[in-house]
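Contents: one structure, followed by commentary.
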Amino acid sequence: MKTCYRVAAVMGLLLSSPCMFADQPAVKPIDKPAAKPVVIPFELLKSGHMAVKIKVNGKGPYRVIFDTGAPINLLNNKLAQEAGLLKDAPKSVLPFVGSIAEVKVKELQVGTEKAADQPAIVMDHPLVELMSKKLGALYGIVGFPFFARYKMTIDYQAETLTLMPSAYKPPNVMRSLESTLLQLMTSGSQTAKLLLPAAQWGLTARKKAEDDEAGVDIKEVLEGSAAAEAGLKVGDRLLTIDGRWTDTLTDLYEIASHLKPGVTVPVAILRDGKKMELKVKPRAGL
Amino acid sequence: MKIPCSCAALICLCLALPARAEEPPKKPPQSFQVPYRLTKPKHILVRAKINGKGPYNFIVDTGAPALFVAVPVARKLGVKPDDKSWGTFDRFEIEGGVVLTKVKGRIETPPQVEGMNALGLAGVKLHGMIGYNILARYRMEIDFTRDKMVWTPLEYKMKAPRSLGGGRGTGGLDLLGTLMKSLGSFLGTQASPPVRLRGFLGMELKDDDDNPVVQAVLAEGPAGKAGVKVGDRITHVQGRSVLDTSDVQRYVGRKNPGEEIKLTVQRGTEKKDITVKLGEGL
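Protein chains in written order, with this note's numbering: chain D, 1087 to 1372; chain E, 754 to 1035.
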């Protein structure tokens, strides 16, 4: 019970820093990647999951689930033991999952692609155990820390995974959880998230409370502004900016917070019942 | 202590789910640019409208064997689950133009989603997951250096995944979900935090040697009405010195629309304080 309480307490502490897009792609794409794409076949399990073969520090192969929904790599205790991952790692025991440790894998090989220094959690995940019983041995999950380093193409028809190294450096989810924790010790509750448009458009918009149709209404267009220059008019219904729905003022500000001055973006509107596309080049200012 | 705690939280973030899916493929014609966001726990989040309502937030999850739609969403849409908790969604549109019709999905709130929502872990309210029976119809290119994925329709013959049998065991995850939920209600947390919209000044700025300089003023905007002029060099906002536009952004961000903010400008040899009432807009 005490452990339960502490686990719950920590979970409770994880809720501050409401910056949900703090980790938006911040890295420039590589212009001419020297590396060639690596094609890795996967096995489509009867359950609809993707399974791949991995080697851990040269040991294996082990069959694991490839999961875009997993923020961490997960390896079970059997694999960890065989690959010698648990030598110096501090272990703990928790309800539902048994022994747990956080480890760093020197070399994680998925198919023919090798990744160095991959963080992983050693744990007998209850769902993986369950699937293992039904679908044949599964030793864990490969997730975000691995695949985020690549431009990845998933093709269920060919049953292949194609990986091409990208410039993206995945942050360590464990570390960011811990820093969130620390931050919470000092602050406390959820704070309102401030949406800062990154450039100036020169318009105001509105959405009436009872209006649940797509888009927002343009209420004002300031003379001489980027919006005016693009041909936006009062009364236009703004549907999308850069392919993203603008159904609320929050949507509008959220999108604007990612669009830099001087970069032209397509804007879809409805004017007199007709769909139109305009180009807006927002300016530096506020 | 730190490690097991974080681990326990992470269990709930792993979305692998045992279930099954069944669905014949449909084939739209071209490639789609699908905008996504990464949530705090690094899940790939896309938005979708179901039967024209929404948008709802879904995680792109190869660890989910099917589309999962949270129970309250399906209820709101009036989509009734069959006796095995499957429902049919007439129109499922993913942001970026991907449209699926008559798509089947589980009407079920996975405990992980429930837990994350209760504690606001994702930073946004989640409504479900998009899994195999949708993902298998597209070749998906995911590159975190770009802000959009590329989905190209495939002529895919769905290999109907089989039920894992023996009911839907969650191996204790439902308990963890419940635990997180009760804690969330105790702390009064929301799935998505409230937002504030920055106030509007209506002036263009360019960073110069020491300070930002006003390049243009929108005549009917708040700064224009308050008397800010082209060429004004902004030295202080609210009495704090500013070196560039991002400083101005930051200090203005501390106020809400409707509130006043004091700009100190250098105009020629003259120093002037100008009070601007922040407007709405961007």
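Ideal placement from N, C-alpha and C gives every residue a C-beta, glycine not left out. Just so we're clear, the structure is a prediction, and the values are computed from it rather than from any experiment.
| Query | Result |
| --- | --- |
| Same chain only: Cβ atoms within 7 Å of D:E1245, ignoring 5 sequence neighbours per side | P1127, F1128, L1130 |
| The region 803 to 821 of chain E: positions lying closer than 9 Å to chain D by Cβ | G805, K806, G807, P808, I812, V813, D814, T815, G816, A817, P818, A819 |
| Rounded separation between D:D1241 and D:F1233 - CA only | 15 Å |
| Cutoff 8 Å: E:I797 Cβ touching any chain D Cβ | yes |
| Collapsed DSSP secondary structure at D:P1368 in the structure displayed | coil |
| Cβ-based contacts, 8 Å cut-off: residues of the region 1145 to 1175 of chain D near chain E | I1151, F1152, D1153, T1154, G1155, A1156, P1157, I1158, L1160 |
| Distance cut-off 7 Å: D:S1343 Cβ against heavy atoms of the ligand SAM | You won't find the ligand SAM in this model; it holds no ligand whatsoever. |
| Beta-carbon proximity check, E:A817 vs E:Y809, cutoff 8 Å | no |
| Contacts of E:F842 in chain D (Cβ-Cβ under 9 Å) | Those within 9 Å of E:F842 in chain D number zero; the least Cβ separation is about 18 Å. |
| Residue burial classification, D:R1369 (beta-carbon count within 10 angstroms, cutoff 16) | buried |
| Same chain only: Cβ atoms within 6 Å of D:L1364, ignoring 5 sequence neighbours per side | A1316, G1317, V1353 |
| Residues from the region 985 to 998 of chain E in contact with chain D, defined by Cβ distance under 9 Å | T998 |
| Neighbourhood of D:S1133 by C-beta distance below 8 Å, restricted to the same chain and skipping five residues each side | M1217, K1220, L1221 |
| Minimum Cβ-Cβ distance from D:Q1195 to chain E less than 8 Å | no |
| 7 Å Cβ shell around D:D1291 - same chain, five flanking residues per side excluded | Going by the sequence as given, residue 1291 of chain D is Ala instead of Asp. The answer, listed in chain order, is V1302, D1303, I1304, K1305, L1324, L1335, L1338. |
| Sub-8 Å separation of E:V851 and E:V787 beta-carbons | yes |
| Start-to-end residues for the alpha helix (DSSP H) that takes in D:M1217 | 1212 to 1221 |
| Close Cβ partners of D:V1307 (< 8 Å) along its chain, the five nearest in sequence each way excluded | G1288, L1289, A1313, A1314, L1318, K1319, V1320 |
| Whole runs of the alpha helix (DSSP H) within the region 1285 to 1321 of chain D, excluding any shorter than 4 residues | 1312 to 1316 |
| Exposed unless 16 or more other CB atoms sit within 10 angstroms - verdict on E:N804 | exposed |
| E:I797 to E:I887 span [Cα, whole Å] | 15 Å |
| Contacts of E:E1012 in chain D (Cβ-Cβ under 9 Å) | Near E:E1012 there are no residues of chain D at all, since even the closest Cβ is about 14 Å away, more than 9 Å. |
| For D:Y1225 and D:S1161, the rounded distance between their alpha carbons | Position check: residue 1161 of chain D holds Leu in this sequence, whereas Ser was assumed. Between D:L1161 and D:Y1225, the C-alpha separation is close to 6 Å. |
| Sub-8 Å separation of E:K978 and E:V967 beta-carbons | no |
| Alpha-carbon spacing of D:R1357 relative to E:V970, whole angstroms | 28 Å |
| Residues that E:Y809 bridges to, as DSSP identifies them | E:A801 |
| Own chain, CB closer than 7 Å to E:E861, minus 5 neighbours either side, in chain order | F821, V824, S838 |
| Nearest-angstrom Cα separation, counted from E:K1030 out to E:I883 | 45 Å |
| Given D:I1186 as reference, the closest of D:S1178, D:E1193, D:K1192 once Cα atoms are compared | D:S1178 |
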